[in-house]
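Just so you know, we're using the working numbering here: the sequence shown kicks off at 9 and counts up by one.
Working notes for the structure below.
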Amino acid sequence: MREIREKALAKLNLSLDVTARREDGYHDMLMVMQTVSLCDDVRLRLRSDGVITVATDLRYLPCDERNIAWKAATAFFAATDRKNLGVDITIKKHIPVCAGMGGGSADGAAVLRGLNTAVGAPMNAMQLEELAATVGSDIPFCIRGGTALAEGRGEILTALPPLPDCHIVICKPRFSVSTPVLFAELDKNELRTHPDTPGMLDALQKGELTGVCRRLGNVFEDVLPTSRDDVDEVKRILTEHGALGCLMTGTGSAVYGIFDSTVKAFEAKARLLRRYREVFMAVPRAALSL
Ligand code: C5P
């Protein structure tokens, strides 16, 4: 059978605020999300025996029902009543794992998009996003990407004007923090500051990169355990090399800096590579047309 290839693009949070704890155990979010060019490669080959397999080039990632790609395929076949179909999913990982860059969610979204194409597009974009929300909170954004405001669990999306052209240097320190653990930390602490989301939206509307960079903010930075030192160190290096702004994305631990100069971005990357193994360059990406 024909192989379908999908790029699974990573996301960064330009801002991340948590506005309430909900009855269902989740939290209400207010986030400005941005798709970037760093991506995993996802390949799909349909099978006619109802079996789903997942293979990745990272040996420590689970390839069974714990993998979001596997969950996405199961959800798609159930929702479209094609339980006799199966799929072999092969994922080449480039997005760092446990980084707050939505790597697993991007893979899940790529599986949903690819399967939809493979079987003749029975679902439109909105239906695909609704299905995505049942698999994970960040997956609806990854279906379409671009620049968007995400509310509710993260699944209520409003498209925003694009982030102005820039270069982004991303560094993943060695430590990782589990997402549920960091949400629990938030619940124990009174948040002292919140990101200026209206100001961020205004800067995007005006196409002002410096205005966006001044308003980067993430409430999870304030509840990090001692490993916060690494985040501060990466930010210090990025700032020293001319970043207009820097932030930890999602629940971390990746930290990024935004540059208006390619040369400065390359210099920052080279400097970070002396100390950290996982350092990447990326550019913003627009929304996909489905
Ligand atoms: O939806 P997803 O499986 O990505 O969420 C992972 C975990 O993150 C949830 O089990 C929950 O602990 C936490 N979460 C939350 N509020 C959100 C999104 C995620 O508390 N809006």
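Cβ coordinates follow ideal geometry from the N, Cα and C atoms, glycine included.
task: Note down the Cα distance separating residue 35 from residue 163, rounded to an integer number of angstroms.
output: If you number the sequence shown from 1, residue 35 lands on position 27. If you number the sequence shown from 1, residue 163 lands on position 155. Roughly 12 Å between the two C-alpha positions.
message: Excluding the 5 residues flanking residue 75 on each side, which residues of the same chain have their C-beta closer than 6 Å to its C-beta?
response: For the purposes of this step, residue 75 is identified with residue 67 of the sequence shown, where counting begins at 1. These residues qualify, in order along the chain: 62.
message: Less than 7 Å between the C-beta atoms of residue 107 and residue 17, yes or no?
response: Looking up residue 107 in the sequence shown gives position 99. Looking up residue 17 in the sequence shown gives position 9. No.
Sequence-distant residues of its chain with Cβ nearer than 6 Å to residue 286 (five each side left out): By one-based count along the sequence shown, residue 286 stands at place 278. Closer than 6 Å at Cβ, skipping near neighbours: 104, 180.
task: Between the Cα of residue 25 and those of 269, 208, 238, 47, spot the shortest distance and give me the residue it belongs to.
output: Counting from one through the sequence shown, the residue named residue 25 turns up at place 17. Considering only alpha carbons, the answer is 208.
- request: Give the straight-line distance between the Cα atoms of residue 249 and residue 169, rounded to the nearest whole angstrom.
  value: Position 241 of the sequence shown, counted from the start, is the residue given in the question as residue 249. Position 161 of the sequence shown, counted from the start, is the residue given in the question as residue 169. Computed Cα separation, rounded: 28 Å.
- prompt: Is the Cβ-Cβ distance between residue 152 and residue 273 less than 7 Å?
  reply: Taking the first residue of the sequence shown as 1, we reach residue 152 at position 144. Taking the first residue of the sequence shown as 1, we reach residue 273 at position 265. No, the pair does not count as a contact, with Cβ atoms beyond the cut-off.
message: DSSP three-state label for residue 21, please.
response: Numbered from its first residue, the sequence shown carries residue 21 at position 13. Here residue 21 sits in strand by DSSP.
Separation of residue 109 from residue 119, as counted between CA atoms: Start at 1 with the first residue of the sequence shown, and residue 119 comes out as number 111. Start at 1 with the first residue of the sequence shown, and residue 109 comes out as number 101. If I take the Cα positions, the gap works out to 17 Å.
query: For residue 179, which of helix, strand or coil comes out of DSSP?
result: Taking the first residue of the sequence shown as 1, we reach residue 179 at position 171. Residue state, collapsed to three classes: strand.
query: Three-state secondary structure (DSSP) at residue 323?
result: The question about residue 323 has no answer, for the chain in this structure spans 9 to 298.
task: Identify whether residue 207 lies in helix, strand or coil by the three-state DSSP scheme.
output: Residue 207 sits at position 199 when you count from the first residue of the sequence shown. Residue 207 falls in the helix class under three-state DSSP.
query: If you drop the 5 nearest sequence neighbours on each side, which residues of the same chain put their C-beta closer than 8 Å to that of residue 176?
result: Counting from one through the sequence shown, the residue named residue 176 turns up at place 168. Excluding residues within five positions, the ones whose Cβ falls inside 8 Å are 20, 44, 264, 265, 266, 267, 273, 289, 290, 291, 292.
- request: Work out the CA separation of residue 172 and residue 134 for me, nearest whole Å.
  value: Taking the sequence shown and counting its residues from 1, one reaches residue 134 at position 126. Taking the sequence shown and counting its residues from 1, one reaches residue 172 at position 164. Distance between the alpha carbons of residue 134 and residue 172 is about 26 Å.
- prompt: Can residue 1 and residue 49 be called in contact, C-beta distance under 7 Å?
  reply: Only positions 9 to 298 of the chain appear in this structure, which leaves residue 1 out of reach.
task: Output the residue ranges of the beta strand (DSSP E) runs that lie fully inside the segment 86 to 143 and measure 3 residues or longer, sorted by chain position.
output: 94 to 100
query: Between 187, 213, 269, 211, which lies nearest to residue 261 when the distance is taken from Cα to Cα?
result: As a working note, residue 261 is residue 253 in the sequence shown. Comparing Cα positions, the closest option is 187.
message: Taking only three categories from DSSP, how would you classify residue 217?
response: By one-based count along the sequence shown, residue 217 stands at place 209. Helix.
Closest residue to residue 112 among 269, 80, 193, 132 (Cα-Cα distance): Counted from its first residue, the sequence shown places residue 112 at position 104. Closest option to residue 112, Cα to Cα, is 80.
N- and C-terminal bounds of the alpha helix (DSSP H) containing residue 248: Within the sequence shown, the letter at position 240 stands for residue 248. 236 to 248 is the span of the alpha helix (DSSP H), which, as asked, contains residue 248.
task: Run the CB neighbour count on residue 281, radius 10 Å, all protein chains shown included, and call it buried at 16 or more, exposed below.
output: Here residue 281 is taken as the residue at index 273 of the sequence shown, counted from 1. Under this definition residue 281 is an exposed residue.
message: Could you tell me the alpha carbon to alpha carbon distance between residue 229 and residue 174, rounded to whole angstroms?
response: In the sequence shown, residue 229 corresponds to position 221, counting from 1. In the sequence shown, residue 174 corresponds to position 166, counting from 1. C-alpha separation (whole angstroms): 23 Å.
Closest residue to residue 178 among 47, 10, 40 (Cα-Cα distance): Sequence index remark: in the sequence shown, residue 178 carries index 170 (1-based). Among 47, 10, 40, the Cα nearest to that of residue 178 is on 47.
field: Secondary structure of residue 71, DSSP reduced to three states
entry: Looking up residue 71 in the sequence shown gives position 63. Coil.
- prompt: Is the distance from the Cβ of residue 41 to the Cβ of residue 158 below 7 Å?
  reply: The residue given as residue 41 occupies position 33 in the sequence shown. The residue given as residue 158 occupies position 150 in the sequence shown. Yes, they are a contact pair.
- request: Check the C-beta distance from residue 23 over to residue 203 and give it rounded, since I have them as a contact under 8 Å.
  value: Your numbering for residue 23 matches position 15 in the sequence shown. Your numbering for residue 203 matches position 195 in the sequence shown. Contact flag correct, Cβ pair sits at about 4 Å.
Supposed close pair residue 259, residue 190 - CB separation, criterion 8 Å: Counting from 1 along the sequence shown, the entry for residue 259 is found at position 251. Counting from 1 along the sequence shown, the entry for residue 190 is found at position 182. About 5 Å; that satisfies the 8 Å criterion.
message: Let's see if you can read the secondary structure: which residues bound the beta strand (DSSP E) around residue 48?
response: Taking the sequence shown and counting its residues from 1, the one referred to as residue 48 is at position 40. Segment 35 to 55, the beta strand (DSSP E) holding residue 48.
task: List the DSSP bridge partners of residue 225.
output: As a working note, residue 225 is residue 217 in the sequence shown. Answer is 23, bridged to residue 225.
- prompt: Cβ of residue 34 within 6 Å of any heavy atom in ligand 1?
  reply: Numbered from 1 along the sequence shown, position 26 holds the residue referred to as residue 34. Flag set: Cβ of residue 34 near ligand 1.
task: Output the residue ranges of the beta strand (DSSP E) runs that lie fully inside the segment 248 to 278 and measure 3 residues or longer, sorted by chain position.
output: 253 to 256, 263 to 267
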